[in-house]
Structures are given as structure tokens and as C-alpha cells.
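Asker: Just add 305 to wherever you are in the sequence shown, counting from 1, and you've got the numbering used here. Attaching a single structure in C-alpha cells format; questions to follow.
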Amino acid sequence: MSGPDVTVRSVGIEGQPLVVIDGFSADPAALRAAAIAERFGPAGQHYPGLRASLPADYFQERGSVLADVMARAFGYRGRVDVLDASFSVVTTLPSALSVRQRLPHCDAFAADRLAIVHYLSPEGGDGTAFFRHRSTGYETVDAARAPGYFERLDAELQDAGEPPPSYIADDTPLFERTMLAEARFDRALIYRSFLLHSGAIAPGAALSPDPATGRLTVTAFLVAA
306 MSGPDVTVRS VGIEGQPLVV IDGFSADPAA LRAAAIAERF GPAGQHYPGL
356 RASLPADYFQ ERGSVLADVM ARAFGYRGRV DVLDASFSVV TTLPSALSVR
406 QRLPHCDAFA ADRLAIVHYL SPEGGDGTAF FRHRSTGYET VDAARAPGYF
456 ERLDAELQDA GEPPPSYIAD DTPLFERTML AEARFDRALI YRSFLLHSGA
506 IAPGAALSPD PATGRLTVTA FLVAA
């Protein structure tokens, strides 16, 4: 039985690594069944949907491939800790999105923080898009850039008005899409959390709360110790 297929892409002008792993799970059907059996609840924070608990051995099963990726793509050879991880399903209708949910975002502002998105919908569906803020040229927002970036973005929103009630999946007047990573069943993406990104949810996408039919993923956040 062959192992996962791992490729490393370079995102945009800043050239941040994006790891794409096809065949991330030894048994994706069983993982999907575990999600369907779970009780989902409101995600909280800024995630536009629902979350549920992962199986206890989720990261243990993937330990060797993650260790290789952390060293090869990101240069981390020490301990990497899991900060948060869950099954996730996008459910928020475009009309109910907050202004911030209509824009690219960062999950954290430190270079040692990493995000994982593991797609578990058999039909693939919407992937993840990465962006450059046009006026600053930023593709990443760290702690040093954040104050100026948000000041500039707030001023632009004041001048241009709020973005339309939709998920951002392509170019807009304020942001240029630098890459689209397509969703595939049992594909995982790993990238630094300070990359500007968004779920590339297409207009008219069915946003079912049922993990058997909705946009089911695992979302996880790690930190390199």
C-alpha cells in the first residue's frame, strides 16, 4: 500500500510554503463515518459554521508524515504541539456573514503557527484560496505588519464600503488571489497561519449542517515549540 503523496508549493511573491498531501488518512472512510456520528455545535470565534471533536488518535496516526513535512517544508525539527483541532462544517449563509468573514484572514500572526485543512467530502468541493492585499502588497500579516495592515484595510472599507455578502473566492478591488488549492477527498493542506487566506466557497454552494452532505473538513492549528 503506497503512502501519502506530498508536494510543496510556493505561494505568491513572498514564497511561503504550502504543503499538499493527498492520501493523508489511512482510512478516510472510517474518519468520515466518525464525523457523521459526532454531535456538532457552534464553532465560536470566527469560523462560519459548526465543529465537533476528533478521534483521539487522529494525530498519532499521521505522526510520521507530519514530522517529515515539518522538517522538510518548514524547517521545524523539534516538538510541534496541537493547539486546537476539530471536525468542521461551513454552514453560515452569505447573507449572515460578518464583514471580517467576507475578507481574507490570518489565523495567527506568528511564523511558528501552522494551520491544517483536511478535506473529507467525497466530491471534493470548494478548496482554499490565498490572497495578496493590493495596497500594501502583504500576503502574510505578522505582529509587526498587523497594526498598519488593519489601519489601512479599515480605511479602505470606510472609503469603498463593505464587501458584498459573500465568501471571498477570487480577485476583488482590495485583494488579489495568489493561489487556489483545490479540495479533494482525503487531501490535507498545511501552511503558516499568518498567510492571508479564505475558504473558497462558491456562490450558491450548498451549506448543509449535515456532515454527510456538507463541506466536511478537519481544521487544526499547531505551534512549533
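Built from N, CA and C at the ideal position, the CB exists for glycine as well. Computed from a predicted structure; not experimentally measured.
Between the alpha carbons of D310 and A331, how many angstroms are there, rounded?
Answerer: Taking the straight line joining both Cα atoms gives about 12 angstroms.
Asker: Please report how far the alpha carbon of T477 lies from the alpha carbon of S503, in whole angstroms.
Answerer: If you take the alpha carbons of T477 and S503, they lie about 13 angstroms apart.
Asker: When we look at the beta-carbon of A361 and count the other beta-carbons within 10 Å, is it buried (16 or more) or exposed?
Answerer: So A361 ends up on the exposed side.
Asker: Is the region 367-374 in contact with the region 406-414, if contact means three or more CB pairs nearer than 8 angstroms?
Answerer: Short answer: they don't touch.
Asker: How long is the line joining the alpha carbons of V313 and G354, rounded to whole angstroms?
Answerer: Cα to Cα, V313 sits roughly 29 angstroms from G354.
Asker: Measure the alpha-carbon distance for A493 versus G509 and round it to whole angstroms.
Answerer: The alpha-carbon atoms of A493 and G509 are separated by roughly 24 angstroms.
Asker: Taking 8 angstroms as the limit between beta carbons, can you name the residues of its chain near E319, skipping five residues before and five after?
Answerer: Hits under 8 angstroms: E444, T445.
Asker: Does the pairing of the region 511-519 with the region 389-405 give three or more beta-carbon distances under 8 angstroms?
Answerer: Judged by Cβ distances under 8 angstroms, the region 511-519 makes contact with the region 389-405, as three or more pairs qualify.
Asker: Thinking L359 and A335 are a contact (beta carbons under 8 angstroms), I'd like their distance in whole angstroms, please.
Answerer: Going by Cβ atoms, the distance from L359 to A335 rounds to 13 angstroms, so no, they are not a contact pair.
Asker: Pull up the distance between the alpha-carbon of G308 and that of G349, whole angstroms please.
Answerer: For G308 and G349, the distance between alpha carbons rounds to 35 angstroms.
Asker: Go through the region 431-495 residue by residue and report every complete run of the beta strand (DSSP E) that reaches 3 residues or more, in order.
Answerer: If we require 3 residues or more, the beta strand (DSSP E) runs fully inside the region 431-495 come out as 433-438, 480-486.
Asker: For R497, which residues of its own chain have a beta-carbon under 8 angstroms away from its beta-carbon, when the five flanking residues on both sides are left out?
Answerer: Closer than 8 angstroms at Cβ, skipping near neighbours: Q321, P322, F379, A416, R418, L419, A420, T445.
Asker: Which class does G368 belong to by DSSP, given the choice of helix, strand or coil?
Answerer: Residue state, collapsed to three classes: helix.
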